[in-house]
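Student: I have a structure here, written as structure tokens, and I will follow up with some questions on it.
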Amino acid sequence: MISFLIFIGVFLFMECITWLTHKYVMHGFMWYFHEDHHQPKYEHTFERNDIFFVIFATPSIILFYFGVQGGFNYLFFVACGITLYGVCYFLIHDVLIHQRFKWFKNTKNKYLIGLRKAHKIHHKHLNKEKGECFGMLFVPFKYYKM
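As structure tokens, then:
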């Protein structure tokens with residue numbers, strides 16, 4: 355039971371980490387890597403912004419290694435929570451919102467539509483200042499009512 359709570363707790367906590375990282379790192383000192391993501395109609399398959407997938411996967415890989423070495427200890431379940439969040443982030447951000455893969459084009463789900471609207475508001479700012487809606491899974495309720 356404690357392993358499941360660690361897994362779910364880490365998954366939920368990752369939204370806080372994502373918000374802080376997006377606002378203060380991606381829109382801060384690592385803007386160079388994130389900037390191309392805010393440009394309309396990016397022409398290449400990959401963006402400099404994709405380096406963040408590698409950066410964010412690294413702690414999970416390390417935690418998996420030490421979690422398995424320790425006999426599937428709590429580090430393994432921390433890594434599982436981080437990894438599930440990463441999978442959800444990929445499916446929501448890259449597939450649903452930015453349509454880098456054309457899998458979920460015509461959703462009628464109000465929650466998913468709200469996420470797309472909030473992210474559109476985030477991208478109306480082409481520079482690193484004056485951003486809003488830095489989260490991924492939890493966005494203000496006003497975007498579900500629009």
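For reference, each letter of the sequence shown is one residue, going 355 to 500 in this note's numbering.
The beta carbon of each residue, even a glycine, is placed where N, CA and C say it ideally should be.
CB residue 418 to CB residue 437, shorter than 9 Å?
Tutor: By one-based count along the sequence shown, residue 418 stands at place 64. By one-based count along the sequence shown, residue 437 stands at place 83. Result yes, Cβ atoms of residue 418 and residue 437 sit closer than 9 Å.
Student: Residue 461 by DSSP, collapsed to three states: which one?
Tutor: Within the sequence shown, the letter at position 107 stands for residue 461. If DSSP states are grouped into helix, strand and coil, residue 461 belongs with coil.
Student: In the DSSP assignment, find the alpha helix (DSSP H) that holds residue 368 and state where it starts and stops.
Tutor: Residue 368 sits at position 14 when you count from the first residue of the sequence shown. Start and end: 356-375.
Student: Using three-state DSSP, classify residue 495 as helix, strand or coil.
Tutor: In the sequence shown, counting from the first residue as 1, residue 495 sits at position 141. Of the three classes helix, strand and coil, the one that applies to residue 495 here is coil, per DSSP.
Student: For my contact list, residue 357 and residue 431 are in at a C-beta cut-off of 8 Å; report their separation, rounded to the angstrom.
Tutor: Translated into the one-based positions of the sequence shown, residue 357 becomes position 3. Translated into the one-based positions of the sequence shown, residue 431 becomes position 77. Yes, residue 357 and residue 431 are in contact; Cβ-Cβ is about 5 Å, under 8 Å.
Student: What residues in its chain sit with their C-beta under 6 Å from that of residue 442, if we drop five residues either side in the sequence?
Tutor: On the sequence shown, residue 442 is found 88 positions in, with the first residue counted as 1. Nothing meets the Cβ criterion.
Student: Considering only C-alpha positions, which residue in the set 422, 401, 413 and 428 is nearest to residue 363?
Tutor: The residue labelled residue 363 in the question sits at position 9 within the sequence shown. When only C-alpha atoms are compared, the closest one is 428.
Student: DSSP state of residue 437, grouped into three classes?
Tutor: Residue 437 sits at position 83 when you count from the first residue of the sequence shown. Residue state, collapsed to three classes: helix.
Student: So the alpha helix (DSSP H) residue 451 belongs to, where does it begin and stop?
Tutor: Along the sequence shown, read from residue 1 onward, the residue named residue 451 stands at position 97. Neither: residue 451 is in no alpha helix (DSSP H) and is coded neither H nor E.
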